[in-house]
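Residue numbers (the numbering used here): 528 to 756.
The beta-carbon is built from N, C-alpha and C at its ideal position, and this holds for glycine as well.
Just below is one structure, and these are the notes that go with it.
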Amino acid sequence: MKVIDPSVIVSLQSAPHFIMQTIEDAGRTCYKSEDKINETSHVAFIERLVRRGHEAMLEHGYATAHFRIDRGISHELVRHRLASFAQESTRYCNYKDKDIEFVKPSTELDVDSMNAWGWHMQECEVVYNNLIKAGYSPQVARAVLPNSLATDIVVTANLREWRTIFKLRCAKDAHPDMRYIMLRLLSDMHKLFPPVFEDIYQLYKEEVDALARDLVYILPHTEEDGTDA
Numbered sequence: 528m529k530v531i532d533p534s535v536i537v538s539l540q541s542a543p544h545f546i547m548q549t550i551e552d553a554g555r556t557c558y559k560s561e562d563k564i565n566e567t568s569h570v571a572f573i574e575r576l577v578r579r580g581h582e583a584m585l586e587h588g589y590a591t592a593h594f595r596i597d598r599g600i601s602h603e604l605v606r607h608r609l610a611s612f613a614q615e616s617t618r619y620c621n622y623k624d625k626d627i628e629f630v631k632p633s634t635e636l637d638v639d640s641m642n643a644w645g646w647h648m649q650e651c652e653v654v655y656n657n658l659i660k661a662g663y664s665p666q667v668a669r670a671v672l673p674n675s676l677a678t679d680i681v682v683t684a685n686l687r688e689w690r691t692i693f694k695l696r697c698a699k700d701a702h703p704d705m706r707y708i709m710l711r712l713l714s715d716m717h718k719l720f721p722p723v724f725e726d727i728y729q730l731y732k733e734e735v736d737a738l739a740r741d742l743v744y745i746l747p748h749t750e751e752d753g754t755d756a
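What follows is the structure, encoded as structure tokens:
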């Protein structure tokens, strides 16, 4: 058994400024103001779009997030219909003879409660392995795996939908484990696309800044991985 912290990393199909320039190019088509485009004009243009609520243009830009979270939270993520998902399958992935990974709860538990949680995770692993050894397939044995089971899930959505996701999943009444990972993703997305997410970032600025999170993101294989350097 292995206990891990949740994690997320952003993957982009092109550099952030190219994505924002695509949004500007699409938006200026509406006004036939393409002659006003320059190297930095996309920033002010997108700020105006967001301020005026003309967010449909943000749908021309996409971002992908690679999550390592618990399955319980993943079930909330897939409720966002205007997105595409790919998730680790417990029907086909066989965890026999491996350290099954469980995601540590973001809520601070007292020692006794944390020990009880750990004991239960360990028991789930034992029963799962016993079922596999007894000849049952992973899709049958998975019935004993808990919501805390770690899962990889890849989510691709346009930037307008990511704004909707952040508004719902960073809210104070969202699940604590969801807020934990989404505030970290908001930190990254705001650094990548400041004019797109500035207003949402301001709502949670104190919490996001307290993370002191370094930005790392993935670009296509033909380009170097991105950093905030």
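Asked: Residues that Glu628 bridges to, as DSSP identifies them; Found: Lys529
Asked: Environment of Ser796 [buried if 16+ CB atoms lie within 10 Å]; Found: With the chain covering only 528 through 756, there is no way to say anything about residue 796.
Asked: Which listed residue (Pro703, Gly588, Asp741) has its alpha carbon closest to that of Ser633; Found: Pro703
Asked: One or two residues paired with Asn685 in a DSSP bridge; Found: Tyr589
Asked: Rounded C-alpha distance that separates Met528 from Val638; Found: 19 Å
Asked: C-beta contact flag for Arg690 and Ile727 at 8 Å; Found: yes
Asked: Neighbourhood of Glu582 by C-beta, 8 Å cutoff - its chain only, sequence neighbours within 5 removed; Found: Leu576, Arg687, Arg690
Asked: Per DSSP, the bridge partner or partners of Leu676; Found: Phe629
Asked: Contact belief for Arg711 with Val535 at Cβ below 8 Å, rounded distance in angstroms; Found: 6 Å
Asked: Neighbourhood of Ala553 by C-beta, 6 Å cutoff - its chain only, sequence neighbours within 5 removed; Found: Met584, His587
Asked: Alpha-carbon spacing of Glu551 relative to Ala698, whole angstroms; Found: 29 Å
Asked: Reduced DSSP category for Ala571 - H, G, I as helix; E, B as strand; rest coil; Found: helix
Asked: Rounded straight-line distance, which links the Cα of Gln649 to that of Val537; Found: 31 Å
Asked: Inside the segment 637-661 only - alpha helix (DSSP H) runs reaching at least 4 residues; Found: 638-660
Asked: Beta-carbon proximity list for Leu713, same chain, < 8 Å, skipping 5 on both sides; Found: Phe693, Cys697, Phe724, Ile727, Tyr728, Tyr731, Val735
Asked: Residue environment, Pro747, which counts as buried when at least 16 other CB atoms sit within 10 Å; Found: exposed
Asked: Outcome for His647 when other beta-carbon atoms lying within 10 angstroms are tallied against a minimum of 16; Found: exposed
Asked: Sufficient close CB pairs (3 or more, under 8 Å) joining the segment 668-678 to the segment 593-612; Found: yes
Asked: Burial state of Leu609, where buried means 16 or more other Cβ atoms lie within 10 Å; Found: exposed
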